[in-house]
Amino acid sequence: MRRGEQPPWIVPDGLWQRIEPLLPTPERNPRHPGRKRIPDRQVLCGILFVLHTGIQWEFLPQQLGFGSGMTCWRRLEEWNRAGVWQRLHELLLAELRAAGKLDWSRAVIDSSHVRAARRGPKSGPSPVDRARPGSKHHVLTEGAGIPLAVSLTGGNRHDVTELLPLIDKIPPVRGRRGRPRRRPDQLFGDRAYDHDKYRRAVRGKGIRPRIARRGHPHGSGLGVVRWMVERTIAWYHGMRRLRIRWERRDDMHEAFLSLTTCIITYRHVVRLC
């Protein structure tokens, strides 16, 4: 963090103006109001503090004024269940498309492995970590590395099996007249996605597959494009909470993934729009 800059867990005004209308209205019983509710913006700062630092919920410092770790956990769970991050991501993508800053000429797909410290759903014995429990982050970006879709699976799940679900997970992107767009022109992937059955399925969705083939020598030129998604995955893992999966519940780890997707996309909005 540079001198004079705010810490990355402080929610900027521009991001908050987009998030606030999407948050569900809390239900309160006037007869039993209980404690005064901590403002949502402060709680979001606490969630971002956990995401950036990787600290455990119970150790969230009270002196920061973000509420307790349990308060932040409950609010994250509530907002994720309400679909806040999905709608925010669609809103940010629409802004980028309206400004002509989304590269639909190609998309790139890849995955990365993280250790699952507490196991849980969507974890499995990792083939790259001596069969220890792990999970995979699957990421699909447009041509410039802006994330379009992300998913979580067990560490023993083959990459190619998540190819079609990830394509189907691309949200309808508005921002211009006509129908929302959901499909890139081409899809680039490494040898992990080399399977003729899936190539045909990708073509059936109107996308041209550009996937490296096993047994062919390296130097096809796909690496010139694929580094974009590798950089995006590095942005995800720049969040310490995502380097190791500490959540037993898969939906809570997916909430952190979705929130990080929004943060990465918002940074592109600030820089490009």
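Under the numbering used here, read the sequence shown as residues 1 to 273, first letter to last.
Every residue gets a Cβ at the ideal spot worked out from N, C-alpha and C, and that includes glycine.
Since the model is a prediction, treat every value here as computed from it, not as a measurement.
Roughly how many angstroms separate the alpha carbons of D168 and R97, rounded to a whole number? 19 Å
Best match in T265, Q17, R210, C72 for proximity to L287 [C-alpha to C-alpha]: Since the first and last residues shown for the chain are 1 and 273, residue 287 lies out of range.
For the beta strand (DSSP E) containing E142, name the first residue and the last one. 133-142
Candidates V202, R179, R214, of which the one nearest A192 by Cα: R214
Under 8 Å, do G155 and S126 count as touching if we go by C-beta distance? yes
Check whether the region 253-261 and the region 224-232 are in contact - that is, three or more C-beta pairs closer than 8 Å. no
Taking three-plus beta-carbon pairs below 8 Å as touching, is the region 52-60 in contact with the region 107-116? Inter-segment contact for the region 52-60 and the region 107-116 is absent: fewer than three beta-carbon pairs are separated by less than 8 Å.
I146: which of L51, V173, K122, D250 sits nearest, CA to CA? V173
Taking C-beta to C-beta, are H361 and V150 nearer than 8 Å? With the chain covering 1 to 273 only, the question about residue 361 has no answer from this structure.
With three or more C-beta pairs closer than 8 Å as the rule, is the region 39-52 touching the region 85-92? no
Go ahead and pull the three-state DSSP assignment for D190. coil
Relative to the C-alpha of P24, which candidate in D40, K197, W9, L242 has its C-alpha closest? Ranked by Cα distance from P24, the first of D40, K197, W9, L242 is D40.
Let me make sure I understand the geometry here. Which of S105, S68, L51, V270 has the alpha-carbon closest to that of R182? Closest option to R182, judged by alpha-carbon separation, among S105, S68, L51, V270: S105.
Could you check how far apart the C-beta atoms of D103 and E142 are, in whole angstroms? I think they sit under 8 Å. 5 Å
For R240, which three-state DSSP category applies? helix
Rounded to a whole number of angstroms, what is the C-alpha to C-alpha distance between Y198 and V160? 8 Å
So, for G206: in the same chain, excluding its five sequence neighbours on each side, which residues have a beta-carbon less than 8 Å away from its beta-carbon? In the same chain as G206, and ignoring 5 residues on each side of it, the C-beta atoms closer than 8 Å to its own belong to R183, in chain order.
Spatial distance of Q42 from M239 (CA atoms): Cα to Cα, the separation comes out at about 19 Å.
Enumerate in chain order the residues of its own chain whose CB-to-CB distance from W85 is below 8 Å, with the five nearest sequence positions on each side excluded. W79, A255, S258, L259, T261, C262
Which runs of the alpha helix (DSSP H) at least 4 residues long sit entirely within the region 63-87? Give them in chain order. 69-81
Which residues in the same chain as W9 place their Cβ atom closer than 6 Å to its Cβ, once the five residues preceding and following it in sequence are excluded? C45, L48, F49, H52
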